[in-house]
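J.: Starting off with a structure, shown below.
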Amino acid sequence: MGNLRSVKMKFERMKYDSVISSDPEIIKNASHLILPGVGHFAEGMKNIFERGLKESLDHAVIQRKVPILGICLGMQLLTRFSEEGNVNGLGWIDALTRKFDFNSSPNGVKYRIPHVGWNSIKIRRDSVLLEGIQNLSRFYFTHSYAVQCEVETESIAETEYGYSFSSIVQKDNIYGTQFHPEKSHQIGLKLIENFIRKL
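Put into structure tokens, the structure is as follows:
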């Protein structure tokens, strides 16, 4: 799913062992899971089902409570439903994935789609994922759809791009970032390190 190699390279740089796998048994027995992704929501869900990964993901994440981090499309796949293809997601986060639907902001500033580049996060709730990361830290985004949490406590951080959307989500052992930590320099590496070492 898209940015697998770049994520793996960051793990190697940080001296962590990682495996890119679609083997259900490896997924079932993993200590941590990363669900990266660049592309189309419907295609991502199709791949999960066609490769027989839904059951193994449910076993690891829901039954064994293995920490999982969804990145970009991977975070969107955690939600209940996406307007991109009008398909259901994994449903682990009580949220919808919606297309940016503006031509300009109320103050007349025009916003392009996709949202590409560096933007800040506004931390709403404490999370182990954000230990050592300051409010308004900047991360690298590239996306045309945004997550709107239906349960306020599951939105850990938000970002403004025309309007506010959830840029970090968390529910129990399930985490997601709309931005790409692997492309966000040292601050992104800190977030990945928190995920691996503290969870």
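Under the working numbering, the first residue of the sequence shown carries the number 1, and numbering increases by one thereafter.
Ideal Cβ placement from N, Cα and C applies to all residues, glycine included.
Since the structure is predicted, the reported quantities are computational estimates derived from the model, not experimental observations.
Could you tell me the alpha carbon to alpha carbon distance between Q134 and K183, rounded to whole angstroms?
T.: For the purposes of this step, residue 134 is identified with residue 134 of the sequence shown, where counting begins at 1. For the purposes of this step, residue 183 is identified with residue 183 of the sequence shown, where counting begins at 1. If you take the alpha carbons of Q134 and K183, they lie about 18 angstroms apart.
J.: How long is the line joining the alpha carbons of Q170 and E12, rounded to whole angstroms?
T.: Here residue 170 refers to the residue found at position 170 when the sequence shown is read from its first residue. Here residue 12 refers to the residue found at position 12 when the sequence shown is read from its first residue. Each residue's Cα considered, the two are about 25 angstroms apart.
J.: For a test of the three-state rule: what should DSSP assign to Y16, helix, strand or coil?
T.: Your numbering for residue 16 matches position 16 in the sequence shown. Y16 falls in the coil class under three-state DSSP.
J.: From D126 to N119, what does the alpha carbon distance come to, in whole angstroms?
T.: In the sequence shown, residue 126 corresponds to position 126, counting from 1. In the sequence shown, residue 119 corresponds to position 119, counting from 1. Taking the straight line from one Cα to the other gives about 20 angstroms.
J.: Helix, strand or coil for L191 per DSSP?
T.: Locating residue 191 in the sequence shown gives position 191, where the first residue counts as 1. It is helical.
J.: Classify L136: buried if its beta carbon has 16 or more other beta carbons within 10 angstroms, exposed otherwise.
T.: Counting from one through the sequence shown, the residue named residue 136 turns up at place 136. L136 is exposed by the Cβ-count criterion.
J.: Using only CA atoms, which one of V61, L57 and M45 lies nearest to I86?
T.: The residue you call residue 86 lines up with position 86 of the sequence shown. The question names Ile, but residue 86 is Asn in the sequence shown. Taking only the C-alpha atoms, the option nearest N86 is M45.
J.: Along the beta strand (DSSP E) that carries G70, what are the first and last residues, could you check?
T.: As a first step, residue 70 is located in the sequence shown; it is residue number 70 there, counting from the start. Element bounds for G70: I68 to I71.
J.: Identify which residue in S166, M9 and K54 has its Cα closest to the Cα of V151.
T.: Position 151 of the sequence shown, counting from 1, holds the residue named residue 151. Checked all of S166, M9 and K54; the closest Cα to V151 is S166.
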